[in-house]
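Engineer: Those letters in the sequence shown? Residues 759 to 1131, by this note's numbering.
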Amino acid sequence: MTAEILPLDLGDRSYDILIGDSLLTNAAAHMVPVLAQKRAIIVADGNTAQYAPTIQSSLSAAGIAVDLLPPLEPGEGTKDFAHLMKLVDDLLARRVERGTTLVALGGGVIGDLVGFAASVVLRGLPFIQVPTTLLAQVDSSVGGKTGINTDQGKNLVGAFYQPRLVLADVKTLETLDPRQLRSGYAEVLKYGLIDDPDFFQWLEIHGGALLDGDRAARRQAVLTSCRAKARVVAADERESGQRALLNLGHTFGHVLEKLCGYGDRLLHGEAVAVGMVQALDLSVRLGLCPADDLTRLRRHLTVVGLPTGIGNLKDSSWSVETMLDLMASDKKVQDGRVTFVLARGIGQSFLSRDVPIDSLKQMLSDSLNGDQS
Ligand code: GLY
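#1: Is LYS796 near the ligand GLY, in the sense that its beta carbon is under 7 angstroms from a heavy atom of that ligand?
#2: Under a three-way DSSP split, which group does ASN784 fall into?
#3: Going by the C-beta, is ASP897 closer than 7 angstroms to any heavy atom of the ligand GLY?
#4: Identify, in the order they occur along the chain, each residue of the same chain with its Cβ nearer than 7 angstroms to the Cβ of LEU768, setting aside the five sequence neighbours on each side.
#5: Under DSSP, the alpha helix (DSSP H) around ASP774 begins and ends at which residues?
#6: Mapping DSSP to helix, strand and coil, what is ARG922?
#7: Could you give the DSSP three-state label for ARG797: helix, strand or coil?
#8: Pick helix, strand or coil for VAL1099, following the three-state DSSP scheme.
#9: Within the segment 928 to 989, note down every full alpha helix (DSSP H) run reaching 4 residues or more, in order along the chain.
#10: Looking at C-alpha atoms only, which residue of CYS1047, ARG1057 and THR1009 is the closest neighbour of GLN959?
#11: Is LYS903 near the ligand GLY - that is, is its Cβ less than 7 angstroms away from at least one heavy atom of it?
#12: Residues in its own chain within less than 6 angstroms of GLN887 by CB, not counting five upstream and five downstream?
#13: Note down, in chain order, each residue of its chain lying with its Cβ closer than 7 angstroms to the Cβ of ARG985, except the 5 sequence neighbours on either side.
#14: What residues in its chain sit with their C-beta under 7 angstroms from that of LEU871, if we drop five residues either side in the sequence?
#15: Does DSSP put PRO1065 in a helix, in a strand, or in coil?
#16: Compute the Euclidean distance between the alpha carbons of VAL1091 and ALA810, then round it to the nearest angstrom.
#17: Round the Cβ separation of GLN1023 and LEU1055 to the nearest angstrom and send it over; I've been treating them as touching at under 8 angstroms.
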């Protein structure tokens, strides 16, 4: 089946997002037109290196010199200063030039790390995103957010740096661990919650099939998600306004991820799922959102196997004060105030910097104690 092509219009940094199910076998046809030099370096992790030979042979057959770096260790722990330094050293040791293109082959960790390395090596190398997880295909590979985590929190060091191309091949989702797939699904659902109630409803009907392997449903969901993301990024590349809506569930989710240590205890999308529930829960408490919409969100998350609350994750160190403190170190804090994404209902999200602290504390406290609004 032919690829869907979504252009992301950013002036001289515009690029295409290609969505299909046999893109990697034809990688050269898509990539060569955006290469500045007949040289590319593929960076993958232990899970995604399996796709490198397909890309490598396609590019080699087209006369491109391709290096493959030793695969990085899969997992969020790889997105740190130590791995960035090692990657930069490896690239410089291979004598990259300003036209050498990096190919980020993997999920959000690889895309964010390689994109950030691309932004700093020789003051900027071109790079291509080949996202292989649902989360990366619908969110992190599109829009140019790159970076690493630090001890202070997630993605606190990074750059806006756009790729030259995004190749989202939904076939790669077939080897994805089911829990990772579900985690990415939270980001898909997010687009419905933000401003597309029809998509939310479509997901209520087709979400199960999508997770069970229906390739057409996957293509449709990735396409709809990327279309929404491209529209938002084209209008607000550097997040001075509406792009912050894409953080629905993330302000709360990042706190939970930090408390859980960025590991298997809680995956990013699982944290976002709980965070979206908390955002709607707070909206209900503030009298902004019908309680039925929160119920509907919780019901769908439960049907697809995503968490809806903190449950057994917490330990004795967790408190409302710790959570508020972590929220305050979010990079979207402005003049000391956190920007929240709230909702007037499913598909009606908006930004607010005026959340009454008492309601916020009560919601966090109830959510720590497992009490639902
Ligand atoms: N993941 C949110 C954004 O790209 O803005």
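No residue lacks a Cβ here, since even glycine has one placed at the ideal position from N, Cα and C.
Structural biologist: Inspection of the coordinates gives the following:
#1: Here residue 796 refers to the residue found at position 38 of the sequence shown. LYS796: no, Cβ never under 7 angstroms from the ligand GLY.
#2: If you number the sequence shown from 1, residue 784 lands on position 26. In the three-state reduction of the DSSP assignment, ASN784 falls in the coil class, being assigned neither a helical nor a strand state.
#3: As a first step, residue 897 is located in the sequence shown; it is residue number 139 there, counting from the start. At least one heavy atom of the ligand GLY falls within 7 angstroms of the beta-carbon of ASP897.
#4: In the sequence shown, counting from the first residue as 1, residue 768 sits at position 10. Excluding positions up to five away in sequence, the list reads GLN920, ALA992 and GLU995.
#5: If you number the sequence shown from 1, residue 774 lands on position 16. Where ASP774 is concerned, there is no enclosing alpha helix (DSSP H), although the beta strand (DSSP E) it sits in stretches over 773 to 778.
#6: Reading the sequence shown from its first residue, position 164 is the one you call residue 922. ARG922: coil per DSSP, three-state reduction.
#7: If you number the sequence shown from 1, residue 797 lands on position 39. If DSSP states are grouped into helix, strand and coil, ARG797 belongs with the strands.
#8: Taking the sequence shown and counting its residues from 1, the one referred to as residue 1099 is at position 341. Residue state, collapsed to three classes: strand.
#9: 936 to 953 and 955 to 970
#10: In the sequence shown, counting from the first residue as 1, residue 959 sits at position 201. For GLN959, the nearest C-alpha among the options comes from ARG1057.
#11: On the sequence shown, residue 903 is found 145 positions in, with the first residue counted as 1. LYS903: yes, Cβ under 7 angstroms from the ligand GLY.
#12: The sequence position of residue 887 within the sequence shown is 129, counting from 1. ALA862, GLY869, SER899, PRO921 and VAL924, listed in sequence order.
#13: Sequence index remark: in the sequence shown, residue 985 carries index 227 (1-based). Cβ neighbours of ARG985 within its own chain (closer than 7 angstroms, five residues either side excluded): LEU764.
#14: In the sequence shown, counting from the first residue as 1, residue 871 sits at position 113. Within the same chain, LEU871 has close Cβ partners THR836, LYS837, HIS841, LEU842, LEU845 and ILE906.
#15: Start at 1 with the first residue of the sequence shown, and residue 1065 comes out as number 307. Coil, per DSSP.
#16: On the sequence shown, position 333 is the one that residue 1091 refers to. On the sequence shown, position 52 is the one that residue 810 refers to. Roughly 39 angstroms between the two C-alpha positions.
#17: Within the sequence shown, numbered from 1, the residue matching residue 1023 stands at position 265. Within the sequence shown, numbered from 1, the residue matching residue 1055 stands at position 297. Inspection of the sequence shows that residue 1023 is occupied by Arg rather than by Gln. Not confirmed; about 23 angstroms, so no contact.
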